[in-house]
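Take a look at the structure set out below.
Residue numbers (UniProt numbering): 1 to 150.
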């Protein structure tokens, strides 16, 4: 379940970032602070994006920063970061990015059902609107938990 991957302090709202790299570092912060990922993992996310382009921008205004687990994914987890101003990642079809779902997975399969839930949320206009208007991360986590039970 998706809600189990999201820690208590892993939802960040109205975050300021001046460019895509800063956005990634800020999105990773809750996972770093809770020891879910290492600094090396975050550096690898940025390095891969620099080398391969903005592959992590997966839908309109949405990025899914992640890297292979061997680079420092200590625990499967997810943070949600909403930027106060969208930033360009270099993806013509889906820029600018406002929502970052920073993913850490310790293997290639255990998080797949949670990712399916995440895809549902990304397509849910009510959820995206809630991300834009809420000042309360608990409200967002409650919405996710509610979605999982329905």
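By construction, the Cβ of each residue, glycine as well, lies at the ideal position given by its N, Cα and C atoms.
Coil, strand or helix - residue i by DSSP
| i | result |
| --- | --- |
| residue 89 | coil |
| residue 109 | coil |
| residue 31 | helix |
| residue 84 | strand |
| residue 117 | helix |
Cα-Cα separation, residue i to residue j
| i | j | result |
| --- | --- | --- |
| residue 125 | residue 132 | 11 angstroms |
| residue 107 | residue 4 | 16 angstroms |
| residue 11 | residue 92 | 27 angstroms |
| residue 38 | residue 128 | 29 angstroms |
| residue 86 | residue 70 | 30 angstroms |
Local Cβ density within 10 Å of residue i, reported as buried at 16 or more and exposed below that
| i | result |
| --- | --- |
| residue 112 | exposed |
| residue 84 | exposed |
| residue 104 | buried |
| residue 90 | exposed |
| residue 65 | buried |
| residue 54 | buried |
| residue 81 | buried |
Residue range of the unbroken beta strand (DSSP E) whose run includes residue i
| i | result |
| --- | --- |
| residue 58 | 57-59 |
| residue 8 | 6-15 |
Bridge partner(s) assigned by DSSP for residue i
| i | result |
| --- | --- |
| residue 127 | Answer is none; residue 127 lacks a bridge partner. |
| residue 62 | 59 and 99 |
| residue 79 | 102 |
| residue 73 | 37 |
Span of the alpha helix (DSSP H) around residue i
| i | result |
| --- | --- |
| residue 146 | 137-149 |
| residue 49 | 39-52 |
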